[in-house]
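For the sequence shown, UniProt numbering assigns the number 1 to the initial residue and increments by one for each residue that follows. Data first, discussion second: the structure below is written as structure tokens.
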Amino acid sequence: MNIVGDIWYMRRGSKMEANGLIPSKGLNAEQLRAIKELAHICNQHDQIRLKLNWDALELRNRAETNDWLYYKDGKLVGFLGLYYFSMAEAEFSGMVHPSYRRQGIFQLMVNQARLACLLRGFPKMIFMNQRGSTTGRAFLAEYGARYLFSEHWMEYNVNFSEYIIIPKRADLLLRENIDHEDDLETLIRIQTLGFGMDEEDVRDHLMNAANNAHTTTLIVYYNGFPIGSIRYQNFTNVSFIYGFCILPEYRGLGIGRYTLLSAIKRIRHEVPQYDIVLEVEVENKHALELYQSCGFYIDNINDYYVMDLS
Numbered sequence: 001m002n003i004v005g006d007i008w009y010m011r012r013g014s015k016m017e018a019n020g021l022i023p024s025k026g027l028n029a030e031q032l033r034a035i036k037e038l039a040h041i042c043n044q045h046d047q048i049r050l051k052l053n054w055d056a057l058e059l060r061n062r063a064e065t066n067d068w069l070y071y072k073d074g075k076l077v078g079f080l081g082l083y084y085f086s087m088a089e090a091e092f093s094g095m096v097h098p099s100y101r102r103q104g105i106f107q108l109m110v111n112q113a114r115l116a117c118l119l120r121g122f123p124k125m126i127f128m129n130q131r132g133s134t135t136g137r138a139f140l141a142e143y144g145a146r147y148l149f150s151e152h153w154m155e156y157n158v159n160f161s162e163y164i165i166i167p168k169r170a171d172l173l174l175r176e177n178i179d180h181e182d183d184l185e186t187l188i189r190i191q192t193l194g195f196g197m198d199e200e201d202v203r204d205h206l207m208n209a210a211n212n213a214h215t216t217t218l219i220v221y222y223n224g225f226p227i228g229s230i231r232y233q234n235f236t237n238v239s240f241i242y243g244f245c246i247l248p249e250y251r252g253l254g255i256g257r258y259t260l261l262s263a264i265k266r267i268r269h270e271v272p273q274y275d276i277v278l279e280v281e282v283e284n285k286h287a288l289e290l291y292q293s294c295g296f297y298i299d300n301i302n303d304y305y306v307m308d309l310s
């Protein structure tokens with residue numbers, strides 16, 4: 001048996017098996033496969049759908065530790081991932097195999113992540129917990145995290161496709177972003193103004209995600225002028241819509257509805273067997289009504305909790 005820090009390895013035949021907590025700088029194909037398998041087990045057991053931000057997991061910065069993996073006899077039984085779009089906060093989602101819960105595994109991972117956040121200067125930790133996860137909610141209450149806000153997790157009703165009528169709009173065009181520098185600057189401007197975010201934070205996020213083969217970005221043109229965007233990611237039988245915004249001065253003109261229906265039609269053509277999902281803040285009634293009118297229904301709720309570190 002070899003011991004390295006909190007990690008120890010046991011030889012089984014000619015193979016060394018990992019045991020304990022492993023902080024990871026980037027994730028290899030085997031680690032990603034193990035995370036998917038663990039997520040499937042947890043989702044089936046808890047009847048939930050964990051939000052793990054696969055686009056970020058596939059494109060990790062290998063100079064940073066953003067993932068913590070816990071192994072038992074060479075088997076991945078715990079995972080915690082850190083995601084950030086700015087230095088204002090670090091978001092986390094994770095899981096522990098149902099057979100290995102109540103053994104302090106998740107707390108160990110969170111404690112290590114908390115130390116990393118303190119060293120890197122994050123002032124707070126945001127935890128994502130799907131409402132159906134009673135174990136996650138109990139842990140956060142015990143750990144001292146306070147409730148922040150909630151988002152509806154919405155899924156598209158495929159039967160609605162029979163009734164989709166996309167109005168003909170000669171004034172509108174959706175064009176796929178092809179990673180030209182001008183396209184990137186256009187997208188940065190749209191999402192900075194559309195979401196009210198810091199420009200450098202948007203730039204960093206978009207540049208980090210630029211090489212993700214699973215992600216499609218569509219820019220919305222109104223009378224030849226770029227005024228909106230919508231993005232989607234096809235991964236593991238799910239197509240996740242995000243980054244959907246129209247510049248404030250062009251809202252209320254039916255552009256958002258046209259954009260969303262067009263994106264749905266495109267996804268249904270590319271991956272007809274995939275579920276189509278998105279998130280919307282519970283308090284955003286206007287967006288909720290738009291999504292419901294386009295065929296989405298509320299499937300679950302993701303609750304967000306915060307822990308201040310400063």
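Where is the CB? At the ideal position from N, CA and C, for every residue including glycine.
Inter-residue CB distance, asparagine 19 and aspartate 73 (contact presumed, cutoff 8 Å):
For the purposes of this step, residue 19 is identified with residue 19 of the sequence shown, where counting begins at 1. For the purposes of this step, residue 73 is identified with residue 73 of the sequence shown, where counting begins at 1. Their Cβ separation, rounded to whole angstroms, is 6 Å, which keeps asparagine 19 and aspartate 73 in contact under 8 Å.
Can you tell me the Cβ-Cβ gap for leucine 21 and tyrosine 70, rounded? I've got them flagged as a contact below 8 Å.
Your numbering for residue 21 matches position 21 in the sequence shown. Your numbering for residue 70 matches position 70 in the sequence shown. Yes, leucine 21 and tyrosine 70 are in contact; Cβ-Cβ is about 5 Å, under 8 Å.
Quick one: grab the DSSP three-state call for cysteine 42.
As a working mapping, residue 42 is identified with position 42 in the sequence shown. Here cysteine 42 sits in helix by DSSP.
So lysine 72 is in the beta strand (DSSP E); what residue range does that whole segment cover?
Counting from 1 along the sequence shown, the entry for residue 72 is found at position 72. That run of the beta strand (DSSP E) goes 67-72.
Segment limits, alpha helix (DSSP H) that includes tyrosine 258:
For the purposes of this step, residue 258 is taken as residue 258 along the sequence shown, with counting starting at 1. Note, tyrosine 258: alpha helix (DSSP H), 255-270.
Closer than 7 Å: is that where the CB of glutamine 292 sits relative to any heavy atom of the ligand NAD?
Here there are no bound small molecules, and the ligand NAD is not part of this structure.
Can you confirm whether the region 180-200 touches the region 215-234 when touching is taken to mean that 3 or more C-beta pairs between the two stretches lie within less than 8 Å?
yes
Measuring alpha carbon to alpha carbon, tell me which of Leu57, Ile246, Ile48 and Pro272 ends up nearest leucine 174.
Your numbering for residue 174 matches position 174 in the sequence shown. When each option's Cα is compared against that of leucine 174, the closest is Ile246.
Is it right to say methionine 285 is buried, meaning 16 or more other beta carbons lie within 10 angstroms of its own, or is it exposed?
Translated into the one-based positions of the sequence shown, residue 285 becomes position 285. Per the sequence shown, residue 285 should be read as lysine rather than methionine. Exposed, because fewer than 16 other Cβ atoms sit within 10 Å of the Cβ of lysine 285.
Quick one: Cα of arginine 33 to Cα of lysine 75, how far?
As a working mapping, residue 33 is identified with position 33 in the sequence shown. As a working mapping, residue 75 is identified with position 75 in the sequence shown. Each residue's Cα considered, the two are about 12 Å apart.
Cβ contact (3+ pairs, closer than 8 Å) linking the region 53-68 and the region 95-103
Pairwise C-beta distances place the region 53-68 out of contact with the region 95-103, as fewer than three of them are shorter than 8 Å.
Output the boundary residues of the beta strand (DSSP E) element that contains serine 293.
Along the sequence shown, one-based indexing puts residue 293 at 293. Not the beta strand (DSSP E): serine 293 falls in the alpha helix (DSSP H), residues 285-293.
Is leucine 115 closer than 8 Å to phenylalanine 79 when the C-beta atoms are compared?
To locate residue 79, count along the sequence shown from 1; it is residue 79. To locate residue 115, count along the sequence shown from 1; it is residue 115. Not in contact: phenylalanine 79 and leucine 115 (Cβ atoms no closer than 8 Å).
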